[in-house]
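Under this note's numbering, think of the first position of the sequence shown as 93, with each following residue one higher.
Even glycine gets a Cβ: it sits at the ideal position worked out from N, Cα and C.
Contents: one structure, followed by commentary.
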Amino acid sequence: MSTETHEYHSHAKKYFLVFILLGVLTIAELFAAEGGFSYMFKAVSLTVLALGKALAVAYWYMHLDEEKGWLRFIAAIPIAAFIYGAVLILEILYR
93 MSTETHEYHS HAKKYFLVFI LLGVLTIAEL FAAEGGFSYM FKAVSLTVLA LGKALAVAYW
153 YMHLDEEKGW LRFIAAIPIA AFIYGAVLIL EILYR
C-alpha cells in the first residue's frame, strides 16, 4: 500500500472566476468588433483579446499554474508563434 495521501483540491471558485473573466473578454470583443473603431484598432484589439482568452484557458483550465517553470516555457512557445503570426498578418494587411 502507498503511504501517500492525496488531498482534494476544490477549483470551483477559481473556475468560476475564470469563467467570468472569459465572459468579460468576450463582451469586450463584441464591443470592439461592433464599435465605430478603425480597422487597425479592431484588428489589434481582437487579436489581443483572443490571446488573453487563450492564455487564461491554458493557464487555469490546463493547470499550467501548477506546473514547473520549464513546462510553462514550453507552453509559451506556441503562444509566441501565435503572436509572431499575428504580427505578420497585420504587416501584410498594411503593406
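Do you know how far the Cα of A178 is from the Cα of A125?
-> 17 Å
For W54, is the classification buried or exposed, using 16 other Cβ atoms within 10 angstroms of its Cβ as the cut-off for buried?
-> Only positions 93 to 187 of the chain appear in this structure, which leaves residue 54 out of reach.
Under 7 Å Cβ to Cβ from M139, same chain only, skipping five residues before and after it: list those, please.
-> One detail in the question is off: residue 139 reads as Thr in this sequence, not Met. Within the same chain, T139 has close Cβ partners A178.
With a 10 Å radius around its C-beta and 16 neighbouring C-beta atoms as the bar for buried, classify L109 as buried or exposed.
-> exposed
Around the C-beta of L185, are 16 or more other C-beta atoms found within 10 angstroms, so that it is buried, or is it exposed?
-> exposed
Please report the Cβ distance between A148 and L113, rounded to the nearest whole angstrom; I am assuming they are in contact, meaning their Cβ atoms lie under 8 Å.
-> 6 Å
Cβ separation of K160 and L117, assumed to be a contact under 8 Å, to the nearest whole Å | Between L117 and K160 the Cβ distance is about 27 Å, and since that is not below 8 Å, they are no contact.
G127 in three-state terms, based on DSSP = coil
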